[in-house]
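**Q** At position 24 of the sequence shown the residue is numbered 24 (this note's numbering), and the sequence of numbers has no breaks.
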Amino acid sequence: MIELKSGPHYRDPFFLYEIRDTNDEIRDMSFRFYTNAISQASRNFAAGLFVVGLLLIGFGFLVYILKELFAILFAAVFCIAGFGCGVTAIRIFWMQRKIDRINSSEPYRDNVQIHIEEHEDF
1 MIELKSGPHY RDPFFLYEIR DTNDEIRDMS FRFYTNAISQ ASRNFAAGLF VVGLLLIGFG
61 FLVYILKELF AILFAAVFCI AGFGCGVTAI RIFWMQRKID RINSSEPYRD NVQIHIEEHE
121 DF
């Protein structure tokens, strides 16, 4: 005799049916609506997320303990980033200046001559 039990505690999608067999022993039967690959992927994602969380907590404690050291490091990073932005801006302005010289009405190259040959194929 098989009895399927249900109730308020069986409302999640991974519910267990309680099955009674002929010996009146209760067995749990799990109905899973996902594959093993999805289960493994979700476990790997959870493990990675846990490791990232622990790293963030550790980094937070390091910043709290070594405030002055991290302030100097972040100041150096911002100075290097600012210097890089300035160099990039100067290079862009320099290239635009070269492009403006090319687009001006003056001939860019003095020794270039354009020859047009007309062919009459009558």
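Using N, Cα and C, we set each Cβ at its ideal position, and we do this for glycine too.
According to DSSP, simplified to helix, strand and coil, what is Phe15?
**A** Translated into the one-based positions of the sequence shown, residue 15 becomes position 15. Note that Phe15 scores a pLDDT of 48, beneath 50, so its modelled location is shaky; the value from the coordinates is reported in the next line. In the structure shown, Phe15 sits in coil (DSSP, three-state: anything other than H, G, I, E or B).
**Q** Are the CB atoms of Phe70 and Val77 within a distance shorter than 8 Å?
**A** Mapped onto the sequence shown, residue 77 falls at position 77. Mapped onto the sequence shown, residue 70 falls at position 70. No. Outside cutoff.
**Q** Work out the CA separation of Met95 and Gly86 for me, nearest whole Å.
**A** The sequence position of residue 86 within the sequence shown is 86, counting from 1. The sequence position of residue 95 within the sequence shown is 95, counting from 1. Answer to the nearest angstrom: the Cα atoms are 14 Å apart.
**Q** If you follow the alpha helix (DSSP H) that Gln40 is in, where does it begin and where does it stop?
**A** For the purposes of this step, residue 40 is taken as the residue at position 40 of the sequence shown. Counting along the chain, the alpha helix (DSSP H) containing Gln40 begins and ends at 36 to 65.
**Q** Tell me the rounded alpha-carbon separation between Ala46 and Gly53.
**A** Here residue 46 is taken as the residue at index 46 of the sequence shown, counted from 1. Here residue 53 is taken as the residue at index 53 of the sequence shown, counted from 1. Going from the Cα of Ala46 to the Cα of Gly53 covers about 10 Å.
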